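K.L.:
Encoded as structure tokens, here's the structure I'll be asking about.
Residue numbers (the numbering used here), protein chains in the order written: chain A, 3 to 246; chain B, 1299 to 1356.
Okay, here's the thing in structure tokens:
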């Protein structure tokens, strides 16, 4: 297995592979395409354009598909919170919402200084929704979400996935398909979690890539490099991990 | 690997980023802004039982 980090090397590799290659991608790459405050925004988009030039199709598993849309939802809510905070009067007599929105704005500012793309976490998201529901009306929360993300998810999401060239892998336990040489098994994924201390979604990717016919895995996470270098999970020697 | 797979369109990521930025820069719903600035909270029933003014009850 090889690690690649340059677009030129990857471009040559696509030429060597010949027929329309297929790549597996993780959530970090997909997210980096979508927000210019992500430190890998430009690299990710240059890579997507290279994939387009070489007619390379992009695949993600259902977990990455869900994580991608969830991150977009959380990021859009974050942006909405910052916009909402900007409209509040200093003399607002609702200190709970004022302080919560200020905290979200401050988290975003701190993250930007470190070239990170801040997304509201689950605790703050639940707190915001609960506050708007209890103090005002649940319809206010729905209207807020609809404005900043909901309308796009309802009306445009399918087309966006098509434009990005995203294909999705749906394989049943123990079955093989056109994309797999070896059956995927839940127990193999759980063993990877136990042996390598990987979280479930990462273990699922490692298990999937090592048993698939995908020649290339695109990721933003250097942890995969050390995991695949372990002989027990090492994928076929001609496989490539492209690390952004 | 025989099915017809989708391929990325050039510039699709940057177009998505533009669209998301555009959505994120909208003004928030006016009604919610007005409610928060006026503290126009919904009425919540008082948890304290009202004291009876019925003299017979004393």
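C-beta: ideal position from N, C-alpha, C; glycine also.
Computed from a prediction, not measured in an experiment: that's the story for all the values here.
For chain B, find out if any of its Cβ atoms is closer than 8 Å to the Cβ of residue 218/A; answer yes or no.
P.N.:
Answer no: the Cβ-Cβ gap between residue 218/A and chain B never drops below 8 Å.
K.L.:
Is residue 8/A close to chain B, meaning its C-beta is less than 8 Å from at least one C-beta of that chain?
P.N.:
No - not a single Cβ of chain B is within 8 Å of the one on residue 8/A.
K.L.:
On the three-state DSSP scale, how would you describe residue 220/A?
P.N.:
Residue state, collapsed to three classes: strand.
K.L.:
Return no unless some Cβ of chain B is closer than 8 Å to the Cβ of residue 89/A.
P.N.:
By this cut-off, residue 89/A is an interface position.
K.L.:
So, does the CB of residue 81/A fall closer than 8 Å to a CB anywhere in chain B?
P.N.:
So, interface residue.
K.L.:
Which residues mark the beginning and the end of the alpha helix (DSSP H) in which residue 122/A is found?
P.N.:
Taken as a continuous stretch (DSSP letters only), residue 122/A belongs to no alpha helix (DSSP H), as it is neither H nor E.
K.L.:
Count the other CB atoms, across all protein chains shown, that sit within 10 Å of the CB of residue 63/A; report buried if there are 16 or more and exposed otherwise.
P.N.:
So residue 63/A counts as buried.
K.L.:
State yes or no: is the C-beta of residue 151/A within less than 8 Å of the C-beta of residue 75/A?
P.N.:
Yes, Cβ-Cβ distance for residue 151/A and residue 75/A is below 8 Å.
K.L.:
Tell whether a beta-carbon distance below 8 Å holds between residue 230/A and residue 68/A.
P.N.:
No, the pair does not count as a contact, with Cβ atoms beyond the cut-off.
K.L.:
CA-CA distance, residue 1307/B and residue 92/A?
P.N.:
So the alpha carbons of these two residues sit roughly 46 Å apart.
K.L.:
Quick check on residue 1355/B: does DSSP put it in helix, strand or coil?
P.N.:
Any reading at residue 1355/B is ruled out, since the residue's pLDDT is 44, under 50, leaving its predicted position unreliable.
K.L.:
Does residue 30/A come within less than 8 Å of chain B when only Cβ atoms are used?
P.N.:
It does not: the Cβ of residue 30/A has no partner Cβ on chain B nearer than 8 Å.
K.L.:
Give a yes or no on whether 8 Å exceeds the smallest Cβ distance from residue 243/A to chain B.
P.N.:
No - not a single Cβ of chain B is within 8 Å of the one on residue 243/A.
K.L.:
Residues in the segment 104 to 115 of chain A with C-beta within 9 Å of chain B's C-beta atoms, listed in sequence order?
P.N.:
Taking 9 Å as the Cβ-Cβ cut-off against chain B, none of the residues of the segment 104 to 115 of chain A qualify.
K.L.:
Just to confirm the assignment, what range does the beta strand (DSSP E) spanning residue 170/A have?
P.N.:
Taken as a continuous stretch (DSSP letters only), the beta strand (DSSP E) holding residue 170/A covers 168 to 171.
K.L.:
Count Cβ pairs between the segment 5 to 19 of chain A and the segment 45 to 58 of chain A that sit closer than 8 Å; are there 3 or more?
P.N.:
Yes, they touch.
K.L.:
Please work out which residues of its chain come closer than 6 Å, Cβ to Cβ, to residue 179/A, disregarding the five sequence neighbours upstream and downstream, and give them in chain order.
P.N.:
Excluding sequence neighbours, residue 179/A sits near 173.
K.L.:
Residues in the segment 152 to 180 of chain A with C-beta within 7 Å of chain B's C-beta atoms, listed in sequence order?
P.N.:
Result list: 154, 162, 164, 165, 166, 167, 168, 169, 180.
K.L.:
Mapping the DSSP letters down to three states, classify residue 5/A as helix, strand or coil.
P.N.:
Three-state DSSP puts residue 5/A in a strand.
K.L.:
Look up residue 242/A in the DSSP assignment and say whether it is helix, strand or coil.
P.N.:
Of the three classes helix, strand and coil, the one that applies to residue 242/A here is strand, per DSSP.
K.L.:
Would you say the beta carbon of residue 214/A comes nearer than 7 Å to a heavy atom of the ligand ATP?
P.N.:
In the structure on display, the ligand ATP does not appear, and there are no ligands present to speak of.
K.L.:
Tell me the start and end of each unbroken beta strand (DSSP E) in the segment 29 to 70 of chain A that is at least 3 residues and wholly inside, in chain order.
P.N.:
DSSP runs (the beta strand (DSSP E)) wholly in the segment 29 to 70 of chain A: 59 to 63.
K.L.:
Counting only C-beta atoms, is residue 46/A closer than 8 Å to chain B at any point?
P.N.:
It does: the Cβ of residue 46/A has a partner Cβ on chain B nearer than 8 Å.
K.L.:
Specify the secondary structure class of residue 1302/B as computed by DSSP and reduced to three states.
P.N.:
Three-state result, residue 1302/B: coil.
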